[in-house]
Amino acid sequence: MAKKALKSKISRSSSTSAASAKNSPSNQKMVLRAKSSEKMKSSGQQSVFRDREMRPKSKSKPKSKPKKKNTKIDARMPKKPPTAFFYFLEDFRKEFQEQNPGIKSMRDIGKACGEKWKTMTYEEKVKYYDIATEKRAEFDRAMVEYIKRKESGEDQESEDDSEFDE
DNA sequence: GTGATGATTGTTATT
DNA sequence: AATAACAATCATCAC
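Residues in the first sequence are numbered from 1 upward in steps of one, following full-length UniProt numbering.
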């Protein structure tokens, strides 16, 4: 069927109208976010002997991913929004945990997700892409403002930082 | 107790 | 065109 018809590019490419593909004129703000504020608490599991590899925190040489904010980016810099895959992860995680209460971390889940993700058809993924695309638009907007603000006065540090001591 | 890591794919930015 | 880096999450490791 016509699945392949659109996968060509979900990416919004540019601008403004490009999003018309799935954007309805009347729909400017569609927020469908399954948000969940659930917190799971796991008990203590302490065991562990997985030889993963020694991970000296001394990252003398970041191999490929400095996970820490090494970039002196401003705190006001809009971070990259999660990609479609990440959104899928959110949903998948919950289910996966239910089906596999034994699994603990995302590392295992991530692998399962990746595999499944590839098996998913565009139609299934499109909804995630849709969300991601929208998020990007918002991010794009935020980026412009960020730049604007930055040029205006990067010295302006947020003074309203809630750094109140309690 | 804190910081860092690992794993997944997607998108962006840069070259 | 292609590569690099980063996005969220959370159990686990190192000190």
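Every residue gets a Cβ at the ideal spot worked out from N, C-alpha and C, and that includes glycine.
Taking the straight line between their C-alpha atoms, what separation do you get for residue i and residue j?
i	j	result
Arg149	Phe92	37 Å
residue 197	Glu123	No answer is possible for residue 197: it lies beyond the span of the chain, which begins at 1 and ends at 166.
Lys118	Asp140	27 Å
Cys113	Ile147	35 Å
Pro81	Ala137	10 Å
Lys125	Met106	20 Å
Gly102	Glu145	45 Å
residue 212	Glu98	Since the first residue shown for the chain is 1 and the last is 166, residue 212 is missing from the structure and cannot be characterised.
Asn100	Phe85	20 Å
Pro78	Ala132	15 Å
residue 178	Lys111	Since the first residue of the chain shown is 1 and the last is 166, residue 178 is not available in this structure.
Lys135	Phe88	14 Å
Phe96	Asp130	23 Å
residue 167	Lys94	The structure shown has nothing for residue 167, since the chain only spans 1 to 166.
Asp108	Thr83	19 Å
Can you say whether residue i is buried or exposed, counting buried as having 16 or more other CB atoms within 10 angstroms of its CB?
i	result
Glu115	exposed
So what's residue i in DSSP terms, helix, strand or just coil?
i	result
Lys79	coil
Ile109	helix
Leu120	According to the sequence shown, residue 120 is Met rather than Leu. Here Met120 sits in coil by DSSP.
Gly114	helix
Ile103	coil
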